[in-house]
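Protein chains in written order, with this note's numbering: chain D, 1 to 158; chain V, 1001 to 1158. All C-beta atoms, glycine included, are put in the ideal place defined by N, C-alpha and C. The next block holds one structure in the form of structure tokens; read it before the comments.
Protein chains: 2
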Amino acid sequence: MTTKEGPVAAGRLIRIQEAAAEVRLTPRSVRYYEELGLLKPAARSDGDYRLYDDTDVERLRFIKALRDDAGFSLAEIAQMLEDEAARERGHAEYHATTDPVERMRILHDRLARFDHQIEMLRTKIERLQAMVDETEGRRTGTAARINELESSGPESAR
Amino acid sequence: MTTKEGPVAAGRLIRIQEAAAEVRLTPRSVRYYEELGLLKPAARSDGDYRLYDDTDVERLRFIKALRDDAGFSLAEIAQMLEDEAARERGHAEYHATTDPVERMRILHDRLARFDHQIEMLRTKIERLQAMVDETEGRRTGTAARINELESSGPESAR
DNA sequence: CCCAACCTTGCCGTTTACGTGAGAGTTGGG
DNA sequence: CCCAACTCTCACGTAAACGGCAAGGTTGGG
């Protein structure tokens, strides 16, 4: 056990603008994602300000990556993340239940979700790779014609 | 040189429904893509029906792949394909010009476009791979905790 | 020539993923 | 306590990517 025990570092709570800026999103988008059930701020201030912790930011980063890089729709992302939010923060719930069977169920559930996410991404990679291969094929054809012209052309160019 | 020279097989001309169906798109989408300048039918019938050949269908297939698999916007796709349509069918234009310099320019242009497309796709693949790695990391962590519980759990389960 | 099935060009409707205020409340430094 | 900056919750506006319908023209088999 290290000195700073617990879930890594649960100290900082930031407001929506800072959280959004850190992952290059707008506050509006973050609120919209919440509206769709993709995440919930770790807490609210007395004045009802949304307060995010680092796991929230990580989640936002992941959401953005799924959207921008993988091109998934927010609906699909919601599917993939499902109520994982509840689980992640359900670290509390996880420790709350004494039932080891329940604990295993949660963990296995999580594992399955990871596997599914990985599979989705791998599938996408394969398709992209297929497109690369195809494009490379066409590129080769064009390159070949360039070579033809470069060896037969110069004679007529003289 | 084989017996059937020329651009592979320029015989069949199909109407929009058949073309769309072949690549699992709707006629509406195909028309919309045309409106955005992503492709132009090889010909029109007397009654102004759009008529597509196999290179058109290939193009549609590519567009759909870029959209569905790679997640590019139609605007980005338009960028990537630019006026490549003019070039592809500019096989005619290509053979029309006697200037070998012009021919080389066209070919090199095409090559550059292919290279750019490949680069875009490769970039996307790398990002997806990074996400896979990250997710696998988290998966491993969860799997580890499962193993912990599976070896320490059964004792309390007795 | 006739008709069902298909196509054409508008044009308005819809969903997704936000942008952009409006009006009111909250925070925090001076 | 005051005020600038930030945030809240509606609520309407918008661009992208089509769906769907209307009114009319085209195709092609019988």
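Between which two residues does the beta strand (DSSP E) carrying residue i extend?
| i | result |
| --- | --- |
| L51 of chain D | R50 to Y52 |
Compare the C-beta of residue i with all C-beta atoms of chain D and state if any pair is closer than 7 Å.
| i | result |
| --- | --- |
| L1036 of chain V | no |
| L1039 of chain V | no |
| I1146 of chain V | yes |
| T1117 of chain V | It should be pointed out that residue 1117 of chain V corresponds to Gln in this sequence rather than to Thr. Q1117 of chain V counts as touching chain D. |
| R1044 of chain V | no |
| R1139 of chain V | yes |
| T1142 of chain V | yes |
| R1028 of chain V | no |
| L1013 of chain V | no |
| R1110 of chain V | yes |
How far does the alpha helix (DSSP H) with residue i in it reach, from first residue to last?
| i | result |
| --- | --- |
| V30 of chain D | P27 to E35 |
| A1075 of chain V | L1074 to L1081 |
| A70 of chain D | Unbroken run through A70 of chain D: none, as it is neither H nor E. |
| A1021 of chain V | I1016 to E1022 |
Per DSSP, which one or two residues make a beta bridge with residue i?
| i | result |
| --- | --- |
| A1130 of chain V | DSSP, once it has assigned bridges, lists no residue as partnering A1130 of chain V. |
| A43 of chain D | D:L51 |
Please confirm whether residue i and residue j have their CB atoms less than 7 Å apart.
| i | j | result |
| --- | --- | --- |
| L13 of chain D | D53 of chain D | yes |
| R1059 of chain V | L1039 of chain V | yes |
| K1124 of chain V | L128 of chain D | yes |
| T1135 of chain V | R110 of chain D | no |
| L1051 of chain V | A1043 of chain V | yes |
| V132 of chain D | I1118 of chain V | yes |
| R1061 of chain V | V1030 of chain V | no |
| R1138 of chain V | L107 of chain D | no |
| Y1049 of chain V | R1015 of chain V | yes |
| G1071 of chain V | G11 of chain D | no |
Taking CB distances under 7 Å as the criterion, tell me whether residue i reaches chain V.
| i | result |
| --- | --- |
| L107 of chain D | yes |
| R158 of chain D | Its pLDDT being 44, under 50, R158 of chain D is placed unreliably by the model, and the measurement read from it follows with that caveat. Cβ-Cβ to chain V under 7 Å: no for R158 of chain D. |
| L121 of chain D | yes |
| L25 of chain D | no |
| I16 of chain D | no |
Quick check: is any heavy atom of the ligand PLP less than 6 Å from the C-beta of residue i?
| i | result |
| --- | --- |
| H116 of chain D | For the structure depicted, the ligand PLP is absent and the ligand set is empty, with no information on it obtainable. |
Any residues in the region 125-137 of chain D with a beta carbon nearer than 7 Å to a beta carbon of chain V? Which ones, in chain order?
-> Answer set for the region 125-137 of chain D: I125, R127, L128, Q129, M131, V132, T135 and E136.
Residues of the region 48-82 of chain D with a CB closer than 7 Å to any CB of chain V: list them in chain order, please.
-> Correct list: A65, D69, A70 and G71.
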